[in-house]
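Encoded as structure tokens, the structure appears first; notes follow it.
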Amino acid sequence: MFLENFDPLKDEMIQIMDKEGNIVKPEWMPEVSDEELLQMYKTMRFSRIIDEKTLQYQRQGRMLTYAPNLGQEATQVGSAAALKQTDWVAPSFRELGAWLYKGAPLENIFLYWFGNEMGMKMPEEVRVLPISVPIASQMQHATGLAYAARYRGLDEVAMAYVGDGGTSQGDFHEALNFAAVQSLPNVFIVQNNQFAISTRRKIQTKSQTIAQKALAYGIPGIQVDGNDIFAMYAVTKEAVDRARRGDGPTLIEAYTYRMGAHTTSDDPTVYRADSEVEEWVDKDPIDRFRKYLMGKGLWDEEKEAAYSEERGLFVKETFETVEKSGLTPLEDTYNYVFAEKTPILEAQYQAKKAYYAKEGK
Amino acid sequence: MFLENFDPLKDEMIQIMDKEGNIVKPEWMPEVSDEELLQMYKTMRFSRIIDEKTLQYQRQGRMLTYAPNLGQEATQVGSAAALKQTDWVAPSFRELGAWLYKGAPLENIFLYWFGNEMGMKMPEEVRVLPISVPIASQMQHATGLAYAARYRGLDEVAMAYVGDGGTSQGDFHEALNFAAVQSLPNVFIVQNNQFAISTRRKIQTKSQTIAQKALAYGIPGIQVDGNDIFAMYAVTKEAVDRARRGDGPTLIEAYTYRMGAHTTSDDPTVYRADSEVEEWVDKDPIDRFRKYLMGKGLWDEEKEAAYSEERGLFVKETFETVEKSGLTPLEDTYNYVFAEKTPILEAQYQAKKAYYAKEGK
Amino acid sequence: MLVLNLVEAVTSALDVAMEKDKNVVVFGEDVGVEGGVFRATKGLQEKYGDQRVFDSILAESSIIGSGIGMAINGLKPVVEMQFSGFMFPGYNQIVTHAARMRNRSRGLYTVPMVIRMPYGGGVRALEHHSESLEVLFAHTAGLKVVVPSTPYDAKGLLLAAIADPDPVIFMEPKRIYRAFKQEVPEEYYTIPIGKAKVLKQGKDLSVVAWGAMIRETQKAIEILEKDGYSIELIDLRTISPFDKETIIQSVQKTGRFAVVHEAATSFGPGAELITSVNEGAFLYLEAPPKRIASVDTIVPLPKGEHHYVPDVDYIVSELKTVLEF
Amino acid sequence: MLVLNLVEAVTSALDVAMEKDKNVVVFGEDVGVEGGVFRATKGLQEKYGDQRVFDSILAESSIIGSGIGMAINGLKPVVEMQFSGFMFPGYNQIVTHAARMRNRSRGLYTVPMVIRMPYGGGVRALEHHSESLEVLFAHTAGLKVVVPSTPYDAKGLLLAAIADPDPVIFMEPKRIYRAFKQEVPEEYYTIPIGKAKVLKQGKDLSVVAWGAMIRETQKAIEILEKDGYSIELIDLRTISPFDKETIIQSVQKTGRFAVVHEAATSFGPGAELITSVNEGAFLYLEAPPKRIASVDTIVPLPKGEHHYVPDVDYIVSELKTVLEF
Ligand SMILES: Cc1ncc(C[n+]2csc(CCOP(=O)(O)OP(=O)(O)O)c2C)c(N)n1
Ligand SMILES: Cc1ncc(C[n+]2csc(CCOP(=O)(O)OP(=O)(O)O)c2C)c(N)n1
Ligand SMILES: [Mg+2]
Ligand SMILES: [Mg+2]
């Protein structure tokens, strides 16, 4: 529906719901059960609550560096909701919404940002690769996941996320090209949040849209209002289905905005005006979705308040548990370098253990 | 003329002269003086003679590994002829025609392929970077050359060559993107000779043309009959002029064919049929050009014979000089690591010298 | 028994591994239709099909990066870097992902992948075709680095590498790809990673080498033994994790130590071995340990390559200084 | 005199260099508008304009590769890698081109470029933000590798690096970017590359360190000297080419040697120094030389980082074993 008719060179953008929560393209409206709708909304809201509270903890000196994804909730939840549980996600590091939708326990997520590798030991069924810090590198893994799935006859699609900044890396190019050549079951989501730290999207590339980069690989590319949960879901669903059918990869540009700082180490006032941020607050993906749900009678202020309180409490409790989790045990740092410690590692481990024992550490 | 009107998605190809040497698009015919025409033709012919004789020397065991560019002479000479002497070339390794047109002495070229770094110490005015073996990496240098030229207010364009295989590397993507963002005076020539060693062009990418990859960077991309000297020259000239005016980079796909082996270490019969090669022999860029020149009365069989003989002799003599050039002196291997030998290098050098002296080596 | 040269032994290992486990896949530049520029994968595509053996795009980061994804999702990729000097575009994927996925996910995701690469000089090749980059892998936690020196070892070590649950860098000394043949079992066998092999016992000096340098060192030792010296030669076989114990025991016996390698001298692999000998056998040392290695210049093109890599004469001359100390 | 911390001294060096030579250009991720994530280029774009100081695209290979082209064509690029752990995508350009262009063209084209990168751990950062990769550069012919340990040195060494006719990897110990301030001349001055600095004379033991490890080692030495030991401390300042002579002379005097570094142990920089000491002062050694280094695990995330890098207590304990041997 979308992919065949969309011309990324026309600088159009798929939108189904406007910023007031009105459905402007009813003919494109995806079929989603009320239950699923609520699941999406709640995940977005949950993500927002986590971000807000974590930023608070960070300011209180209780959390290490944290990368919020304020404003990008629809991009992430809308796309992840189009996947089956057995599908894969190769994330960058700003995909909290996708993690949550795929079932990642908050405790894990907190543990990771709290500086403990155990956080990335997710329940197996989550099927999201660990956070990948080297920009765009994870896209290559998605192609491999997809290749293996097809080879093994598994019904699995692999989705990769990358930022607008990440599109500049060679890995972006190679992954799309390889996926296209091999016609792999991949979906690539660019979260175009307009910034790579302080660097604006127009510095990253001169192409009118990021979606049109798909033309370089002979695959469909499409630009979507990333703050519109329905557009994100509908387009991604089509791309996922296409991938699953064996028709190859799709590039989706989710046009959105990073409403918060890059990370808690960043001060965005150095490079952008508050007024710019406010313009985007007006397009908030959660507000928009809530208006829609309320209009449909699926949600109300009371539910909102109750859910927020319950989740807020859950976040607080989870964080407090994680906060008490303490330091990484010595053996953990040695036990996962290889399946088995090498003799050299074993010797280093024993030496350090002996030293700790001697010093009473 | 070409760049604005050409749509790379239409899978068209610019051709001005057909394989019989007829001008099929007189309105596109570039203005080239007779003298320049002959200069181009002679360079192509010279390139062919060098290739043929070098392959012979190699078979005789007198030459090391050599990469011929049989069949790609128009691609290289046509593009290089569009440059001024002060313009730069960042070559890959299969650009003999461009080297020659830019004034590289054959002796240098032979010396290089004969395994001596001194070969790449070209006369300064040649302005071609040394052969770059890591595929596509040289494209990044071209952007830097161009940036520096503009910054320093110099009227210099930087042209980079890359193969169809090279378009798969991340460096290809990054260089085009950076050049586009900065609107640099660059021209990128893809020599699409249909193969990367044994790997066919369709394995490298699924895009219909390589030219259309330009769309990913918001710059013009154009596919040209790489065996047509006039098309190559005319299109490149327009791209070079455009770059010089400050209007930014262009991607040119030269559609050609590698008529010989990848290098002398390669046996193409393993992966392609002779019949395929023969089809392309029919489109030979030199034959075509010669027919045109003869038709115009600028060239005849006699001139051809005389020129071939003279050049053949020159190649022979040059090769024989290089053949006698002997081994690299010890000091040469130490003297160019840094501007000055470091103490550690100096010590290693002295030790080796003493060892050679002791052993009478 | 087959009689194979080293590159044929590599092919044989791949064949046996693919026969044994359908999740073993092989890819890289030109490895499919052509069977690789050194023919190491010759015949495999015909036998196993183009889904199991395929030509990659010309992009090392894609080869390694997609290999990582495949390994995570149940395959055993054995990928080829056409020459070790061309692994650099893929180095980011090797260091930041292949080596770390197990640790990063605390064992949830692992990367049982083998990255094969012909390495080393002495074949009169173009630039970037002759490097010895052991250290770049061995200094990186999470990687194993294996180098065979014979056809027999090549097959057994490669099969062990493929069986290994973690990423293994398999460096093939291309200079001796076709240098000699040896009896090699037709069937599956492995040689343990991490174990050196004492090729020859000796009393006066312990020498460690690997890959193509084994042959040069053997010749040097033959010459020296004519003068009455008794020299122990150890083929390291695995550079990381290397077999410290075997080396230390040997040095404790002989009191002298030398290492011969093709990699550059400074910050090279020899430095690690000498330091380990210091740590484990300092009081036994009767002479300063010696490294006999390529110099710290750029690898010269063919006409200067002889100035770079240690040759037999040079090894003899250097070993003598240790013996005569 | 200015009173600056280390990162401010870097900024001051860049400022002075740009003032002095209009061909000095500065670029990298976020170095323009924002002045860099560590503010090392703060204020430079305002002062020198967006052609001389600019935000690159997010691509390290482009940053280094285009820098190479600029250097060849008359500029002096000083580029920033945001963290050393992110230089990997640019490593191909560093090793295969920056380091080799002079040699490849026999002096026709050269690459006077500086690649700055914050490195090292101890700042409770995310993965890939804490590596110490000296060896990957020092083992590569054609590169110089410099590490300052004070604001004064940072400015003088960076200005020397910018003046250097060849590529220099300038590794900045980010852990001490803001740890302390020091008087730093406002004007241009250089500190020679390749020369170590004896920070403190001593008789019983020679210790070499660099970067952030200098401060830890100084503290350890203070503790040990309370027990009556006299320890010589050398700040290496240049890792490649390192100042062998100063080290050897020191060990010939003290008879004992240790090196402290943040990089991983195996195949690490310490191995090179110990091997050089073996080569130059073996007969003077009264104890096995010691390396005190990070372990061979992946750099842990913050909650485990203390298990990785040597701290003061550990350095004390290890140095004691050398002193008491
Ligand atoms: C290879 C690499 N280079 C640099 C960095 C440092 N860095 C972390 S995030 C970031 C910006 C990423 O921008 P984008 O891709 O748009 O993602 P966003 O942060 O907007 O989600 C940079 C430069 C990195 N992580 N990896
Ligand atoms: C980074 C890198 N990987 C692999 C190689 C080995 N190699 C040399 S040439 C070549 C094929 C190049 O194909 P193409 O770019 O089409 O250029 P052509 O040879 O056709 O001129 C390969 C794979 C290399 N030189 N560099
Ligand atoms: Mg972004
Ligand atoms: Mg080609």
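Protein chains in written order, with the working numbering: chain A, 12 to 372; chain B, 12 to 372; chain C, 7 to 331; chain D, 7 to 331. Backbone N, C-alpha and C define an ideal beta-carbon position, used for all residues, glycine too. All values derive from a computational prediction rather than experimental measurement.
Among the residues of chain D, those whose CB is under 7 Å from the CB of V141/C are V141, H145 and F273, following chain order. If only complete runs of 4 or more residues are kept, the region 82-132 of chain B shows the alpha helix (DSSP H) at 84-91, 107-112 and 117-124, in order along the chain.
Put simply, of E334/A, T220/A, Q359/A and L309/A the residue whose alpha carbon is nearest the alpha carbon of I25/A is T220/A.
Chain-ordered, the chain C residues with CB closer than 7 Å to the CB of S209/B read D36, V39 and E40.
Shown in chain order are the residues whose CB sits closer than 7 Å to a heavy atom of ligand 3: G174/A, D175/A, G176/A, Q202/A, N203/A, N204/A, Q205/A, F206/A, A207/A and R269/A.
Listed along chain B are E128, T344, Y347 and V348, each with a C-beta nearer than 9 Å to that of I304/C. For a Cβ distance threshold of 7 Å, residue set V144 of chain B lies close to E133/C, ordered along the chain. Of the candidates P179/D, I199/D and V101/D, the residue whose Cα lies closest to the Cα of S138/D is P179/D.
Separation of F330/A and L111/A (C-alpha to C-alpha, rounded to the nearest whole angstrom) is 16 Å.
With contacts defined as CB atoms closer than 9 Å, F125/B and L75/B qualify as a contacting pair.
In the same chain as G200/C, and ignoring 5 residues on each side of it, the C-beta atoms closer than 7 Å to its own belong to T244, P247 and D249, in chain order.
Contacts with chain A at 9 Å (Cβ-Cβ) do not include F176/C. Each residue's CA atom was taken as its position, placing G71/D and I100/D some 8 Å apart. Chain order gives the chain D residues near V101/C as F94, where near means a beta carbon separation below 7 Å. Within the same chain, Y235, S236, I237, T260, R262 and L329 come within 7 Å of D210/D by CB-CB distance, once the 5 residues on both sides are set aside. A direct Cα-to-Cα measurement between E278/C and K53/D gives close to 48 Å. The beta carbons of Y266/B and V235/B sit about 7 Å from each other, so the pair counts as a contact at 8 Å. At least one heavy atom of ligand 2 sits closer than 8 Å to the Cβ of H273/B.
Within chain B, Y162 have C-beta atoms less than 7 Å from the C-beta of Q57/D, given in sequence order.
With 16 or more other Cβ atoms from the protein chains shown falling within 10 Å of its own Cβ, E140/C counts as buried. Within the chosen limit of 8 Å, ligand 2 does not reach the beta carbon of S179/A with any heavy atom. Secondary structure remark: continuous alpha helix (DSSP H) runs of at least 4 residues inside the region 268-297 of chain A, in chain order: 285-292. Within the region 257-290 of chain A, no residue has its Cβ closer than 8 Å to any Cβ of chain C.
The beta carbon of I63/C sits closer than 9 Å to some beta carbon of chain B. For P141/B, the nearest beta carbon of chain D is closer than 9 Å to its own beta carbon. Between L164/D and V153/D, the C-beta spacing is not below 9 Å.
Restricting attention to T17/C, F44/C, N29/C and K28/C, the CA atom closest to the CA of E35/C is found in F44/C.
The C-beta of Y235/C comes no closer than 9 Å to any C-beta of chain B. Taking non-hydrogen atoms of ligand 1 into account, the C-beta of V144/A is found less than 8 Å away from one of them. Under the 9 Å criterion on CB atoms, R130/D is classed as interfacial with respect to chain A. Against chain A, the CB of P124/C has no partner CB under 9 Å away; the residue lies outside that interface. Annotation: Cβ neighbours of T339/A in chain D (cutoff 8 Å, chain order): P306, L307, K309, G310 and H313.
Distance from the CA of Y97/C to the CA of T178/A, rounded to the nearest whole angstrom, comes to 19 Å. A78/B has its CB nearer than 8 Å to a heavy atom of ligand 2. For T210/B, the closest C-alpha among the options L114/C, T17/C, Y183/C and F60/C is that of F60/C.
Proximity of chain A to V192/B at the Cβ level (cut-off 9 Å) is accounted for by S179, K213, I214, Q215, T216 and K217, in chain order.
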